[in-house]
Each structure stands twice: as C-alpha cells, then as structure tokens.
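Using this note's numbering, read the sequence shown as starting at 1 and increasing by one per residue.
For reference, the structure discussed in these notes is given below.
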Amino acid sequence: MIQYDLQIGHAYNSEYGAYVTYGVTAFNRGKVICTIEDISLDMKKVEQLVKFFNEEQLSPAHLEEAIENYLYDFTI
C-alpha cells in the first residue's frame, strides 16, 4: 500500500534568505519510493494534497502529473 507524507525542506535565496518549502514523499511498505520537493511554501496546501493522495490511493506513476495539475490548474 502506498502512503504519502508531507516532506519539509529548507532552502536559501540571496534575495529572500532562508525559507521552508513543502513537498511530498511516497512510501511503499515504509520504504521511500519517491520524493518531490519544493512544491509550495504553503504547508496547508501541501497537507491537503497529501490527504487527497492518500484518500484516493494515487499511484506513484501519476504523482508528478497530479502535482503539475495542482500547480498549473489548481485542480487534482
């Protein structure tokens, strides 16, 4: 069973300084199978994505496409 979780990252930009970014990590039986970092600076939005992916049991094969849809169309 695939389980998705919030991924927290730290980044630095010379204009803005240090900041926190949020991404998604996919696990299969507790083992990391893929991580997509730096999806958003908004933790709540990425938490909503993670919740949706878990509820729908999104296949990891569609993870990038689902995130792209979110980023460009704000739909899943």
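Just so it is clear, CB atoms sit at the ideal spot from N, CA and C, and this is done for glycine as well.
Taking the alpha helix (DSSP H) that residue i falls in, what are its first and last residues?
i           : result
tyrosine 12 : Note, tyrosine 12: premise wrong, no alpha helix (DSSP H); beta strand (DSSP E) at 2-13.
tyrosine 72 : 63-73
leucine 49  : 43-56
Pull up the distance between the alpha-carbon of residue i and that of residue j, whole angstroms please.
i             : j           : result
isoleucine 36 : tyrosine 22 : 9 Å
glycine 17    : tyrosine 70 : 26 Å
serine 40     : serine 14   : 18 Å
leucine 24    : tyrosine 12 : It should be pointed out that residue 24 corresponds to valine in this sequence rather than to leucine. Looking at the two C-alpha atoms, the distance is approximately 19 Å.
aspartate 42  : tyrosine 72 : 15 Å
Grab me the residues of residue i's own chain with a C-beta within less than 7 Å of its C-beta, minus the 5 sequence neighbours each way, in chain order.
i             : result
alanine 26    : Ile2, Tyr4, Ile33, Cys34, Pro60 and Leu63
asparagine 54 : Gln3 and Tyr4
Tell me where the beta strand (DSSP E) around residue i begins and ends.
i         : result
serine 40 : 31-40
serine 19 : Per the sequence shown, residue 19 should be read as tyrosine rather than serine. Looking at the DSSP string, the run of the beta strand (DSSP E) that includes tyrosine 19 is 17-28.
Which term fits residue i, buried or exposed, when burial requires 16 or more other beta carbons within 10 angstroms of its beta carbon?
i            : result
valine 46    : buried
glutamine 57 : exposed
Below 8 Å CB to CB, which residues in the same chain sit around residue i once its five sequence neighbours on both sides are set aside?
i         : result
glycine 9 : Val20, Thr21, Tyr22, Gly23, Glu37 and Asp38
Within the same chain, show all residues whose beta-carbon is closer than 6 Å to that of residue i, passing over the 5 residues directly before and after it, in chain order.
i             : result
asparagine 28 : Ile2
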